[in-house]
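J.: All letters in the sequence shown, in the order written, are residues 34 to 390 by our numbering.
There's a structure below that I have some questions on.
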Amino acid sequence: MDYSSLIQKRRIRFAELEEAVGDPELFSNPKRATEILREHRNLKHSLDLWENLETAKRQLADNQELSKSDDPDFAEMAAEEIPVLENTIERLAGELQYALLPADPNEDRDALVEIRAGAGGDEASLFAAELMRMYQRYSEARGWKAEHLESSPSEVGGFKEVILKITGDEVFRFLKYESGVHRVQRVPSTETQGRVHTSTVTVAVLPEAEEVDIEIRQEDLRIEVCRAGGAGGQHVNRTESAVQIFHLPTGTYVRCEDGRSQTKNKEMALQILRSKLYEKKMRDQQAAYSEHRRSLIGSGDRSEKIRTYNFPQSRITDHRIGYTSHNLAGVIAGDLTEFTNELQKTEMEERLAEAGL
34 MDYSSLIQKR RIRFAELEEA VGDPELFSNP KRATEILREH RNLKHSLDLW ENLETAKRQL
94 ADNQELSKSD DPDFAEMAAE EIPVLENTIE RLAGELQYAL LPADPNEDRD ALVEIRAGAG
154 GDEASLFAAE LMRMYQRYSE ARGWKAEHLE SSPSEVGGFK EVILKITGDE VFRFLKYESG
214 VHRVQRVPST ETQGRVHTST VTVAVLPEAE EVDIEIRQED LRIEVCRAGG AGGQHVNRTE
274 SAVQIFHLPT GTYVRCEDGR SQTKNKEMAL QILRSKLYEK KMRDQQAAYS EHRRSLIGSG
334 DRSEKIRTYN FPQSRITDHR IGYTSHNLAG VIAGDLTEFT NELQKTEMEE RLAEAGL
């Protein structure tokens, strides 16, 4: 497909954005500045891909001509480069196609990762803790920062619930596929008969919402303070540092008690609440998406079984795309790249089809 007309429109828009970026008044409006810088970065990426693709095409045409040279050595050298250039062109063309699709405004956002133990009691809470560590290691490998916001420990050393805030470059773009039910099949440490048990953990990945995304009115909130539970020593016993917030219009409830400061817990609780309300808003907007894409990543449905971790067979299967890997140990250690690449590939194919590309 000839993308020349699309590229020309993007060049015109890029010139407008270059002027806007140079405006000293740009940052007087933080929301507008963020949007302009994000669009500027995305457009520059697509234009760079176009230039690299055109350069590779010219090099291929030159090599094809030189491969017909009367000089055998010269012709052989040119011919050897042809397959490499063809592969480069195919790769760049695919990346350009994706870059020309309408941008998902949430992909550049940080994310809140909410992990809850489901069916399986103690074993589910232990696996919730393993998934938490898996995402922490994955974040570390990508150069992101994972911050512990809130948790409810279980008696066996796991978590009934834990919330992480992960910050960095394009966090939501890579983590959004993790929303859903994660099923584990293995022999629990408490099992004396050696039987394989099946447990579940629910993961919800929420793009972090800013104050400009969601307006929370004070009159819509009921904020209560109470004593934090669990470990924490005398400080926990003496102070009412835990904060719980009820959003009355939606019935959404958030509680934070990990911080020693009541003020800090209130800030974290409002941050979590804002992201949960933004997630609901996003779900409503996604109702227009195709059914397949919603089932892949769009809905983030917390009741949908998306992945099974089978420890006896060292096997992981992603049920949305029918992809299986036997690198269970690597994935649990934080190497999610294999699954993320396959899910991104499937999403790109779906988006390209929807856009008629």
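Even for Gly, the Cβ is constructed at its ideal location relative to N, Cα and C.
For the pair the segment 193-201 and the segment 134-147, tell me if three or more CB-CB distances fall below 8 Å.
T.: Yes, the segment 193-201 is in contact with the segment 134-147.
J.: For V217, I'd like the list of residues in its chain whose CB is within less than 6 Å of its CB, leaving aside the five on either flank, ordered along the chain.
T.: Contacts found: F160, S232 and Y342.
J.: Taking the beta carbon of P135 as the centre, do at least 16 other beta carbons fall within 10 Å, making it buried, or is it exposed?
T.: Label assigned to P135: exposed.
J.: Between the C-alpha atoms of L125 and N85, what's the straight-line distance to the nearest angstrom?
T.: Roughly 8 Å between the two C-alpha positions.
J.: What residues in its chain sit with their C-beta under 8 Å from that of M315, if we drop five residues either side in the sequence?
T.: So the qualifying residues of the chain are N139 and P240.
J.: In chain order, what residues of the same chain have a beta carbon less than 6 Å from the beta carbon of S347, not counting five sequence neighbours either side?
T.: The residues are H359 and L361.
J.: Quick one, which of S37, L39, I69 and K64 has its alpha-carbon nearest E49's?
T.: Among S37, L39, I69 and K64, the Cα nearest to that of E49 is on I69.
J.: Along the chain, which unbroken stretches of the beta strand (DSSP E) at least 3 residues long are found entirely within the segment 203-234?
T.: Counting whole runs of 3 or more residues, the segment 203-234 contains the beta strand (DSSP E) stretches 213-219.
J.: Touching or not, the segment 115-129 and the segment 95-102, by the rule of three or more beta carbon pairs under 8 Å?
T.: Contact holds: three or more Cβ-Cβ distances are below 8 Å.
J.: Cα separation between V28 and E203?
T.: The first residue shown for the chain is 34 and the last is 390, placing residue 28 beyond what the model contains.
J.: Report yes if the CB atom of S274 is closer than 8 Å to the CB atom of E252, and no otherwise.
T.: Not a contact, by the Cβ cut-off of 8 Å.
J.: To which residues does DSSP link F279 through a beta bridge?
T.: Looking at the DSSP assignment, F279 forms a beta bridge with R255 and Y286.
J.: Do G213 and V236 have their CB atoms nearer than 8 Å?
T.: Taking 8 Å as the Cβ cut-off, G213 and V236 qualify as a contacting pair.
J.: Near Y168, which residues of its chain fall below 6 Å by C-beta distance, leaving aside the five closest residues on each side in sequence?
T.: Around Y168: V146.
J.: Pull up the distance between the alpha-carbon of D351 and that of H280, whole angstroms please.
T.: Cα to Cα, D351 sits roughly 35 Å from H280.
J.: CB T379 to CB I354, shorter than 8 Å?
T.: Result yes, Cβ atoms of T379 and I354 sit closer than 8 Å.
J.: In terms of residue numbering, what span does the beta strand (DSSP E) encompassing I349 cover?
T.: R348 to D351 is the span of the beta strand (DSSP E), which, as asked, contains I349.
J.: In the DSSP assignment, the beta strand (DSSP E) including R43 goes from what residue to what residue?
T.: R43 -> not in any beta strand (DSSP E); alpha helix (DSSP H) instead, spanning S37 to V54.
J.: Please classify Y311: is it buried, with 16 or more other beta-carbons within 10 angstroms of its beta-carbon, or exposed?
T.: By the 10 Å Cβ count, Y311 comes out buried.
J.: My output table needs one value for H325: the three-state DSSP class, helix, strand or coil.
T.: Legend: pLDDT at H325 = 41, less than 50; position of this residue unreliable, value from coordinates given subsequently. In the structure shown, H325 sits in a helix (DSSP, three-state: H, G or I).
J.: For N270, collect the residues of the same chain with a Cβ closer than 8 Å to its Cβ; drop the 5 residues on either side in sequence, then sort them by chain order.
T.: Model confidence at N270 stands at a pLDDT of 42, short of 50, so the residue's coordinates are unreliable and nothing is read from them.
J.: Closest by CA to Y210, which one among K42, R43, S37 and L376?
T.: With distances taken between Cα atoms, Y210 lies closest to L376.
J.: If V220 sits next to R228, beta carbons under 8 Å apart, how far is it from one beta carbon to the other, in whole angstroms?
T.: So it is a contact: roughly 7 Å between Cβ atoms.
J.: Just list the residues that DSSP pairs Y356 with in beta bridges.
T.: Its beta-bridge partners are D351.
J.: Is it right to say H437 is buried, meaning 16 or more other beta carbons lie within 10 angstroms of its own, or is it exposed?
T.: Nothing can be reported for residue 437: it is not among the residues displayed for the chain, which extend from 34 to 390.
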